[in-house]
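Structure record follows, encoded as structure tokens.
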Amino acid sequence: MREPSDSTGDDEWGFITARAKPSPQTATNKEALADLIESESSTPAEPKKNVVGSRLESWGDQSSIEQLRGRARPLSWAIAAVFVIGYINEIVAGSRFVSLLGLKAVVIIYPLAGLGLIAVALLQITWIDRLPRDKALTRVTSIYAGGFIIGLILVAIPQTTIVGSGVIWLFADQLNFLLPLIIWTMASDVFNAGEGRKIYPFITQWQYGGQLTGLAISALAPFLFIPLGIPLPYLLLVCPIGLLLIGLLLPRALKGSALSQGHGRDENVVESLKSAWSFVGGVKAFTAMFSTSVAVFTAGMIYKGAFLSNSEAIVRDPAKLQVIYGLTMIAVFIMCGVLQKFFVTKILEKFTIPGSLLLLPLFATACGIFMAWGLIGGLGIKPQFLPLLIIGIILWWVPRWSIDDVARRTALAVVPNERRARVSFIIDLLPICVGLIAAGLVLGLTFATGLTELAPLIALPFALFAILPARIMAKEWDKALLSPLLRIRKRLN
4 MREPSDSTGD DEWGFITARA KPSPQTATNK EALADLIESE SSTPAEPKKN VVGSRLESWG
64 DQSSIEQLRG RARPLSWAIA AVFVIGYINE IVAGSRFVSL LGLKAVVIIY PLAGLGLIAV
124 ALLQITWIDR LPRDKALTRV TSIYAGGFII GLILVAIPQT TIVGSGVIWL FADQLNFLLP
184 LIIWTMASDV FNAGEGRKIY PFITQWQYGG QLTGLAISAL APFLFIPLGI PLPYLLLVCP
244 IGLLLIGLLL PRALKGSALS QGHGRDENVV ESLKSAWSFV GGVKAFTAMF STSVAVFTAG
304 MIYKGAFLSN SEAIVRDPAK LQVIYGLTMI AVFIMCGVLQ KFFVTKILEK FTIPGSLLLL
364 PLFATACGIF MAWGLIGGLG IKPQFLPLLI IGIILWWVPR WSIDDVARRT ALAVVPNERR
424 ARVSFIIDLL PICVGLIAAG LVLGLTFATG LTELAPLIAL PFALFAILPA RIMAKEWDKA
484 LLSPLLRIRK RLN
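Number 417 in the numbering used here belongs to position 414 of the sequence shown; there are no gaps in the numbering.
In structure tokens:
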């Protein structure tokens, strides 16, 4: 008989719970108990592993990782394809819309994007958990493909080209936020939380690959299309085609996987929202997670808008702005890829889920300080200092798309199947919607008054406030795992 270890090193679920160091008295009691058990036990000690045994065990661990990657490959390809389409859409349609309307395009599109995400989420929330997950994905991709075709027709008509460009740009937020949410929900069906902390960084690496590919295609397309006399909006044709292929091929690739088959109950919008909010509001850790998400994403959206508008004011050259923005994003995704490859899993194991989710508000606060410093100046730095703006936005984007992204997906993996997609809408999507709307109002105010350099200072209190509910979430996380509203799926597996 051996004393059970209180270490989580060999427990694939240990990273979920917060860890506390034992008190000296507890440690002494454990040592005394261990001595007593050792003296009375007749159980022979476990034989030491020889070199061959250790290598076989290591090979088994590696084999397990390869099996997880094999199961995750269709999801990885799908998430990469979604972001290729999303970033082509955002850059091509966004550049066209801004060139037609100027900087006020950001002020217009942010609130519309937030309201559009809320509207589409409300349309989907009644059936997203009712239908089998594969059928839900096919329905969403088909609807988006149809919307893209309508938008492209509007772009082709001179009288409606501005409206069409705006409509298509709005789809960028749907593709970059809402559709990935559904695919990540499918990943949570296929993998339990213990498997997720091993495989989610792998899936996220493909996400970065898709984002970089979309950026590269959009940046290189003018050098190919313009000499051939092909209008750049023709590149957007890949969007509806790609969406239809994702909706057709991914469900086939996941056939036989443990995808949720839906609860099958007919619910209206109010009932669906009540069901999802009863979970979020009934589990303090998730209530705090929602609160910190609203605050930190509001700050982040303001930072992004402030970065774009103030960078343009500094360089005063659309071509230079595009180069600065593109190179900054590429640098961000490269850093995110390195973090995912070598560090994110270790960070999750060291800080656990709640500790990892606390990092984003801290980095968002640092972002606001650097951006405000770069715009206002001081301590030997002249006002409108672009390098500090770049450092600041990197401090926001890198943890947002690496550590926080994986920790958030892993936390949502413990939500019951029949509520996961709807809870994801509330935890992940709604804070982004609120952030877009609030950022549009703040940026509109700064544009109207000519005080765009104050935007980071307005965002900073939101980032600071986000720290408080993040700490509450960390404190309540262990209690949340015992809540009757929450069960960890497949734990016995």
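Ideal placement from N, C-alpha and C gives every residue a C-beta, glycine not left out.
As the structure is a prediction and not an experimental result, all values here were calculated from the model.
Would residue i be called buried (16 or more neighbouring beta carbons within 10 Å of its own) or exposed?
i, result
"L485", "exposed"
"Q70", "exposed"
"G245", "buried"
"I396", "buried"
"I461", "buried"
"A159", "exposed"
"T355", "buried"
"S45", "With a pLDDT of 42 at S45, under the threshold of 50, the modelled position of that residue is not reliable, and the figure given next carries that caveat. It counts as exposed."
"P487", "exposed"
"R255", "exposed"
"R319", "exposed"
"L125", "exposed"
"V273", "exposed"
"V347", "buried"
"L463", "buried"
"A466", "buried"
"I153", "exposed"
"V418", "buried"
Can you give me the Cβ contacts of residue i inside the same chain, cut-off strictly under 7 Å, excluding the 5 residues immediately before and after it?
i, result
"Q208", "G340, Q343, K344"
"A477", "A21, P357, G358, L361"
"A96", "S168, I171, W172, A175, L239"
"M338", "V401"
"L398", "F366, A369, C370, F373"
"S427", "L184, T188, L415"
"L115", "L173"
Leaving out the 5 sequence neighbours to the left and right, which residues in its chain are closer than 6 Å to residue i when beta-carbon positions are compared?
i, result
"F228", "L235"
"G117", "C436, L439, I440"
"V297", "P434, V437"
"T216", "V87"
"W404", "C339"
"E479", "K287, A288"
"T455", "S312, N313, T449"
"I94", "S221"
Check this for me: beta carbons of residue i and residue j, under 7 Å apart or not?
i, j, result
"L471", "D407", "no"
"G250", "L140", "yes"
"Q214", "Y90", "yes"
"L391", "W376", "yes"
"S145", "A416", "no"
"A75", "I202", "yes"
"F180", "C242", "no"
"I557", "A291", "Absent from the model: residue 557. The displayed extent of the chain is 4 to 496, so no value can be given."
"P459", "A309", "yes"
"F293", "I430", "yes"
"L247", "A108", "no"
"T163", "L157", "yes"
Of the residues the options, which one's Cα is nearest the Cα of residue i?
i, options, result
"L378", "L134, I202, L457, K277", "L457"
"L253", "A451, A81, L448", "A81"
"I393", "Y237, L126, A139, M374", "M374"
"Q210", "L182, A473, A84, R423", "A84"
"V123", "P135, F346, R142", "R142"
"A334", "V418, T449, G212, W280", "G212"
"L182", "R136, P225, T163", "R136"
"F205", "L454, V409, A466", "V409"
"Y237", "I327, V193, F428, N92", "N92"
"A483", "L115, R72, G284", "G284"
"E421", "S275, P230, M304", "S275"
"R72", "V193, K138, A451, I327", "V193"
"K138", "S98, I186, I153, L178", "I186"
"V110", "I153, R423, M304", "M304"
"L134", "G453, R423, A451, D481", "R423"
Assuming residue i and residue j are in contact, meaning their beta carbons sit under 8 Å apart, how far apart are those beta carbons, in whole angstroms?
i, j, result
"S312", "L446", "7 Å"
"F282", "F289", "7 Å"
"A469", "A367", "7 Å"
"F100", "I88", "Contact doesn't hold; Cβ gap of about 17 Å is too wide."
"L432", "L120", "6 Å"
"R412", "G197", "Between G197 and R412 the Cβ distance is about 13 Å, and since that is not below 8 Å, they are no contact."
"A473", "T295", "4 Å"
"S278", "R425", "7 Å"
"L218", "G329", "6 Å"
To which residues of the same chain is residue i closer than 8 Å at the C-beta, ignoring the five residues directly before and after it?
i, result
"I165", "F100, L103, L104"
"L59", "Low confidence applies here, because L59 scores a pLDDT of 39, under 50, leaving its location unreliable and the question unanswered by this model."
What I want to know is whether the C-beta of residue i ends up closer than 6 Å to one or more non-hydrogen atoms of the ligand FMN.
i, result
"G154", "The ligand FMN is absent from the structure shown, which contains no ligands of any kind."
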